[in-house]
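Encoded as structure tokens, the structure appears first; notes follow it.
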Amino acid sequence: MDLAHEKFGKALLYNDIKNMRTKINKQIGCLEELLHRLRQTGTVKVLQDNAGFVSKIIFARNDMIDVYHKFPEVVGIDCTYKTNKMGWPLYQFVVTDGFGRGRTVLFALTRRETFADIKEILQTFKRFMVDTSKTLTFTVDCATAQMKALKEEFPSCNIVLCLFHVCKAFRRKFPNQLVKKWLYGMAHTRSYDRFWRYLNLISIVDAEAGAYIRRYWLRTRKYWAASCNRFTISMGNNTNNRVENAHRHLKRYLRKGDPMELTLWKIWR
94 MDLAHEKFGK ALLYNDIKNM RTKINKQIGC LEELLHRLRQ TGTVKVLQDN
144 AGFVSKIIFA RNDMIDVYHK FPEVVGIDCT YKTNKMGWPL YQFVVTDGFG
194 RGRTVLFALT RRETFADIKE ILQTFKRFMV DTSKTLTFTV DCATAQMKAL
244 KEEFPSCNIV LCLFHVCKAF RRKFPNQLVK KWLYGMAHTR SYDRFWRYLN
294 LISIVDAEAG AYIRRYWLRT RKYWAASCNR FTISMGNNTN NRVENAHRHL
344 KRYLRKGDPM ELTLWKIWR
């Protein structure tokens, strides 16, 4: 209601919204009919699990595929929740255009987020785009399933972990303010010497924190430490902010109580 008031300058009554919903439901029809209509302007793939139940709906408009081929170098991947009645996570694949703006090139609604599910989404992404050889880097959060699937499907590509998620994980794990400060420094400094200096300082102040970082984070430093991936082509993407912005824009219209047909219709429009 607030969005409609902001956009059109008038308040909407409950009956107005009810009438709009009825009109929209008549427009979109059943899921099968909607998918047929979507295929007229893009590519849609409905995947099933071993029991024959729908497990994923992956789709991209033709103009989105064109955008990917114009700016294929860096692709950000992230998912958001509470967008549909079935509770399926919604993934977006986003590239950075010539003006530094995020542009969505693929949507994927999936029932689960296991390694096998993410791998299947990546395989479908490759089929949709046909040629993905010019993609050099993927930016993702810290989800193990995403990283593992990317390493298998795109073994020659770089992976950049979202620094926001990395620093958030650090802050949650270690309460010491000095340790937090130096962890932030480790992630953001472009000096390799300073990176190790911060780690040594952490080990002196909090031996447990130092041991934890060496055991769990040090071997993956090329994915999150600026000093270790400074030659990686990322188009300025060291976080998934562009994907998060795409999520925020979309969620102005999506509702967690929406049936799947309505969710698809809203996204496609």
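In this text, residue positions in the sequence shown follow our numbering: the first is 94, and each later residue adds one.
Glycine included, C-beta positions come from ideal geometry on N, C-alpha and C.
In the same chain as V259, and ignoring 5 residues on each side of it, the C-beta atoms closer than 7 Å to its own belong to C235, A280 and W317, in chain order. In the DSSP annotation of this structure, the continuous segment of the alpha helix (DSSP H) that includes Q270 starts and ends at Q270 to H281.
Distance check between T197 and each of C172, Q216 and G180 places C172 closest, using alpha-carbon atoms only. Per the C-alpha coordinates, the member of F186, N338 and S320 positioned closest to F221 is F186. The Cβ neighbour count for Y291, taken over all protein chains shown within 10 Å, is at least 16; the residue is labelled buried. Under the DSSP assignment, T217 falls outside any beta strand (DSSP E), being part of the alpha helix (DSSP H) whose first and last residues are F208 to M222. I211 has its alpha-carbon roughly 23 Å from the corresponding atom of H342.
Within the model, the alpha-carbon separation for E337 versus Y184 is close to 11 Å.
When the beta-carbon positions are compared, T232 and S148 stay at least 9 Å from each other. Contact between W310 and L294 does not hold, since the beta-carbon distance rounds to 16 Å and is not under 8 Å. Assigned with DSSP and collapsed to three states, R314 falls in helix.
Runs of the alpha helix (DSSP H) lying entirely within the stretch 143 to 175 and spanning at least 4 residues, in chain order: 155 to 163.
Bridge partners of N251 according to DSSP: T230. Taking the C-beta atoms as reference points, A319 is found nearer than 9 Å to L256. In this structure, K359 places its C-beta atom within 9 Å of the C-beta atom of D351. Setting aside the 5 residues that flank it on each side, A304 is surrounded in the same chain by S296, each with a C-beta closer than 8 Å to its C-beta; the list follows chain order. Shown here for R335: same chain residues with a beta carbon closer than 7 Å to its own, the five before and five after excluded, namely G169, V187, T189 and G195 in chain order.
Within the DSSP secondary-structure output, L140 pairs in a beta bridge with K149.
Per DSSP, the beta-bridge partners of F200 are F152 and Q185. Leaving aside the five residues that flank P165 on each side, the residues in its chain whose CB is nearer than 6 Å to its CB run, in chain order, K227 and T228. Of all alpha-carbon atoms in M179, F192, L215 and G191, the one lying nearest the alpha-carbon of K138 is that of L215. The C-alpha of A242 lies about 19 Å from the C-alpha of V223. In the same chain as V298, and ignoring 5 residues on each side of it, the C-beta atoms closer than 7 Å to its own belong to N269, L271 and V272, in chain order.
In the DSSP assignment, A238 falls within the unbroken alpha helix (DSSP H) covering T237 to E246. DSSP, reduced to helix, strand and coil, places G135 within a strand of the structure shown.
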